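Below is one structure, written out as structure tokens; the observations come after it.
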Amino acid sequence: MITNLARNWWALVLRGIFALIFGIIAIVWPGLTILSLTFVFGFYALLDGIFALAATWSNHSHERWWLLLIEGLLSLAAGVVAFIMPGVTALALLTVIAVWAVLTGILEIVAAVRLRQEMQNEVWLGLAGLASIIFGVLLVVWPGAGLVTISWIVGFYAVIFGLAMMVLGFRLRGMNNTVMQHAAGTA
């Protein structure tokens, strides 16, 4: 598992960059209309799903490849729903985002537990999963919050998640370089 993740470190970094950009947009322009927020979220969820599926493709030989597949499909589904039904009410959008966040958070924590068995001191994916779950629960518990507040919650979550994915990706890049150097030395 770790070798495949290390080889595809760039997919995690790109997921992180897109999450970071989405988060900054949500924080800087909190007054976006719900329709704009729906499209921004939909675009992000589609990109996140594509990169999760790309990671699935490269990890298909691993016994738990299906976790990444489920995460990618959930992200794609959330993105498609956001584009197909952009006129949904704010509460419906929040419900879709909350369910997506909790489910992907659970899957990220499961993957993090597995990753800790192969990579020392790795907490970033677990923290990203925890942030996803907390974010989803906040949206469910606090559905009546104003659009600006919700935009900030969404933005801060995306920034935290994006940074965690980028740090994990770059740590894996370092592992990949070490593995490649070791392989070149034994060849």
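For the sequence shown, the working numbering assigns the number 189 to the last residue and increments by one with no breaks. Quick reminder that beta carbons are idealized off the backbone N, C-alpha and C, glycines included. The structure displayed is predicted, hence computed values, not measured ones.
For residue i, which residues of its own chain have a beta-carbon under 6 Å away from its beta-carbon, when the five flanking residues on both sides are left out?
| i | result |
| --- | --- |
| L105 | L76 |
| A100 | G138, L141, V142 |
Check the C-beta distance from residue i over to residue j and give it rounded, since I have them as a contact under 8 Å.
| i | j | result |
| --- | --- | --- |
| W154 | I19 | Not really, about 20 Å apart at Cβ, beyond 8 Å. |
| M177 | R17 | 18 Å between Cβ atoms; not a contact. |
| I111 | L132 | 7 Å |
| R116 | W11 | The Cβ separation is near 17 Å, so there is no contact. |
| A190 | A13 | The structure shown does not extend to residue 190, since the chain spans only 3 to 189, so no value can be given for it. |
| A54 | W102 | Their Cβ separation, rounded to whole angstroms, is 12 Å, which puts A54 and W102 out of contact at 8 Å. |
| G157 | I135 | Incorrect: roughly 17 Å between the Cβ atoms, too far for contact. |
Quick check on DSSP: helix, strand or coil for residue i?
| i | result |
| --- | --- |
| I73 | The identity of residue 73 in the sequence shown is Glu, whereas the question assumes Ile. Helix at E73. |
| R66 | coil |
| E120 | coil |
| W59 | helix |
| N179 | helix |
| N10 | coil |
| G33 | coil |
| M167 | helix |
| W144 | coil |
| V125 | coil |
Quick one: is the Cβ of residue i within less than 8 Å of any heavy atom of the ligand FMN?
| i | result |
| --- | --- |
| V115 | This structure lacks the ligand FMN; in fact it carries no ligand of any kind. |
Go through its chain and collect everything with a Cβ distance to residue i's Cβ below 8 Å, but skip five positions before and after it.
| i | result |
| --- | --- |
| F172 | W11, V15 |
| V161 | A21, L22, G25, I26, I29 |
Between which residues of its own chain and residue i is the CB-CB distance below 7 Å, once the five residues before and five after are set aside?
| i | result |
| --- | --- |
| V169 | W126 |
| G74 | G51, A54, L55, T58 |
| L70 | A54, A57, T58, N61 |
| A130 | E110, F163, A166, M167 |
| Q128 | It should be pointed out that residue 128 corresponds to Gly in this sequence rather than to Gln. I111, A114, listed in sequence order. |
| P32 | V150, S153, W154 |
Would you please verify whether the beta carbon of residue i is less than 9 Å from any beta carbon of chain B?
| i | result |
| --- | --- |
| N123 | The structure shown contains no chain B; it is built from a single protein chain. |
Segment contact flag, the stretch 116-126 with the stretch 4-22, C-beta cutoff 8 Å, min 3 pairs:
yes
So does the stretch 35-47 actually touch the stretch 77-87, counting three or more Cβ pairs closer than 8 Å?
yes
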